[in-house]
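Peer 1:
There are 2 protein chains.
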Amino acid sequence: MSMDAVFRALADPTRRQLLDSLHHRNGQTLNALCERTDMTRQAVTKHLAILEEANLITTVRNGREKEHYLNPVPINEIAERWIGKFERGRLTALSDLKKRLEREEP
Amino acid sequence: MSMDAVFRALADPTRRQLLDSLHHRNGQTLNALCERTDMTRQAVTKHLAILEEANLITTVRNGREKEHYLNPVPINEIAERWIGKFERGRLTALSDLKKRLEREEP
DNA sequence: TTAATATGCAACCAAATGGTTGCATGTCAA
DNA sequence: TTGACATGCAACCATTTGGTTGCATATTAA
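Going down the list, the protein sequences come from chains W and G.
With the first letter of the first sequence counted as 1, position 19 gets the number 19 in the numbering used here; the numbers rise by one all the way through.
Just so we're on the same page, the numbering used here is the position in the second sequence counted from 1, plus 1000.
Below is the structure:
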């Protein structure tokens, strides 16, 4: 559950699209997720493994099928612990930059 | 200002550390940023270029120095447009999973 | 003017990444 | 039981990535 794994998992557009797909319909199987993409099943498997390692999805084995469920907790943690910090500094950072630019171009 | 560039820029721990450093002290020069790391100046230059392309930092040339300023706007956009979507679904997703698990293990 | 300083550019390299193909395993249904 | 279906595993490949070294350019200060 390292934050780095979450960031790296989110870096790939295909993986974000997989999360989107699960957000649209939770609990999809591997084959169902493959139908919404143009790559091979094995490629999707690898992406899902990375998402699962980052704890962004949880899987439930159901017979010969494997269902994939979104886990929004890591995204929430990033939002709170990391993004919040930069959002808080937003106004001051912008005003700093403005002041600096004004000083540079008098 | 594509969202993909922002996600990819945030994927690297060194680049997040650079953002942290700028969050701690805004407007640092390349050399100042280099002092807080163990890699070469050229490596840091590359990371800064990626951050700048993602619009996460803005630079101001000041003589022979170049100052780097945090731009929290893209992070804020990701938080609002992308993360918010998944946070909203948090409770329902978790309850979905719980129901599913209960069904699987009666 | 000259030397030191701050940054820029380009070639190069090893390792990670995203993808493929081929085959194996396990489960359901006829 | 047997065939079809869903997933798993492993080897392999091209490209991207993160890093280096070496040299070039521009600005400040003595």
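C-beta: ideal position from N, C-alpha, C; glycine also.
Alpha carbon to alpha carbon, what distance is there between Val1044/G and Leu1030/G?
Peer 2: The alpha-carbon atoms of Leu1030/G and Val1044/G are separated by roughly 8 Å.
Peer 1: By the criterion of Cβ-Cβ separation under 9 Å, what are the contact partners of His1047/G in chain W?
Peer 2: Residues of chain W passing the Cβ test: none, with the nearest at roughly 14 Å.
Peer 1: Would Ile75/W count as contacting chain G if we go by Cβ distances under 8 Å?
Peer 2: At least one chain G Cβ lies under 8 Å of Ile75/W.
Peer 1: Just the chain G side, please: which residues come within less than 8 Å of Lys66/W by C-beta, in chain order?
Peer 2: What Lys66/W touches in chain G: nothing, since even the nearest Cβ is about 12 Å away.
Peer 1: Which residues mark the beginning and the end of the alpha helix (DSSP H) in which Ile1075/G is found?
Peer 2: Segment 1073 to 1078, the alpha helix (DSSP H) holding Ile1075/G.
Peer 1: Verify whether the separation of the beta carbon atoms of Val6/W and Leu56/W is less than 8 Å.
Peer 2: Contact: yes.
Peer 1: Does the CB of Arg1008/G have a neighbour CB from chain W at under 8 Å?
Peer 2: Yes - at least one Cβ of chain W is within 8 Å of the one on Arg1008/G.
Peer 1: How about the stretch 79 to 87 of chain W and the stretch 1035 to 1051 of chain G: do they share at least three Cβ pairs that are nearer than 8 Å?
Peer 2: As far as the Cβ criterion goes, the stretch 79 to 87 of chain W does not touch the stretch 1035 to 1051 of chain G, which means the pair count is below three.
Peer 1: Taking Gly1027/G and Glu1067/G to be in contact with their CB atoms under 8 Å, please state how far apart those CB atoms are, rounded to whole angstroms.
Peer 2: About 5 Å separates the two Cβ atoms, so the contact holds.
Peer 1: Comparing alpha-carbon positions, which option in Met3/W, Asp4/W, Ala49/W, Ser2/W lies nearest Leu18/W?
Peer 2: For the residues Met3/W, Asp4/W, Ala49/W, Ser2/W, the minimum Cα distance to Leu18/W belongs to Ala49/W.
Peer 1: Locate the alpha helix (DSSP H) running through Leu1056/G, then write down its first and last residues.
Peer 2: Looking at the DSSP string, Leu1056/G is not in any alpha helix (DSSP H), and its letter there is neither H nor E.
Peer 1: For Leu1018/G and chain W, any beta-carbon pair shorter than 8 Å?
Peer 2: No, Leu1018/G lies away from the interface with chain W (no Cβ there is under 8 Å from its Cβ).
Peer 1: Going by alpha carbons, who is nearest to Glu1065/G out of Ala1032/G, His1047/G, Phe1086/G?
Peer 2: Residue Ala1032/G is the option with its Cα nearest to Glu1065/G.
Peer 1: Can you name the start and end residues of the alpha helix (DSSP H) that Thr1014/G belongs to?
Peer 2: 1013 to 1024 is the extent of the alpha helix (DSSP H) around Thr1014/G.
Peer 1: Below 8 Å on the Cβ atoms is my guess for Phe86/W versus Pro1072/G; work out the distance and round it to an integer in Å.
Peer 2: Contact flag correct, Cβ pair sits at about 5 Å.
Peer 1: Classify Arg1036/G as helix, strand or coil using the three-state DSSP reduction.
Peer 2: The answer is coil: DSSP assigns Arg1036/G none of H, G, I, E or B.
Peer 1: Spatial neighbours of His1047/G within its chain, please: CB distance less than 8 Å, with the 5 preceding and 5 following residues excluded, ordered by chain position.
Peer 2: Same-chain partners within the cutoff: Asp1012, Thr1014, Arg1015, Leu1018.
Peer 1: May I ask which residues mark the beginning and end of the alpha helix (DSSP H) holding Arg8/W?
Peer 2: Looking at the DSSP string, the run of the alpha helix (DSSP H) that includes Arg8/W is 3 to 10.
Peer 1: Short of 7 Å in beta carbon distance, which residues of its chain neighbour Glu1104/G, apart from the five on each side in sequence? Order them along the chain.
Peer 2: Here the model assigns Glu1104/G a pLDDT of 44, short of 50, so the residue's position is not dependable, and the following value carries that caveat. Excluding residues within five positions, none has a Cβ falling inside 7 Å.
Peer 1: Would you please state the rounded distance, in angstroms, between the beta carbons of Arg8/W and Ser21/W? I believe it to be under 8 Å.
Peer 2: 20 Å between Cβ atoms; not a contact.
Peer 1: Would a check of beta-carbon distances place Ile1083/G closer than 8 Å to chain W?
Peer 2: With 8 Å as the cut-off, Ile1083/G counts as an interface residue toward chain W.
Peer 1: Going straight from the alpha carbon of Asp1004/G to that of Val1060/G, what length do you get?
Peer 2: About 25 Å.
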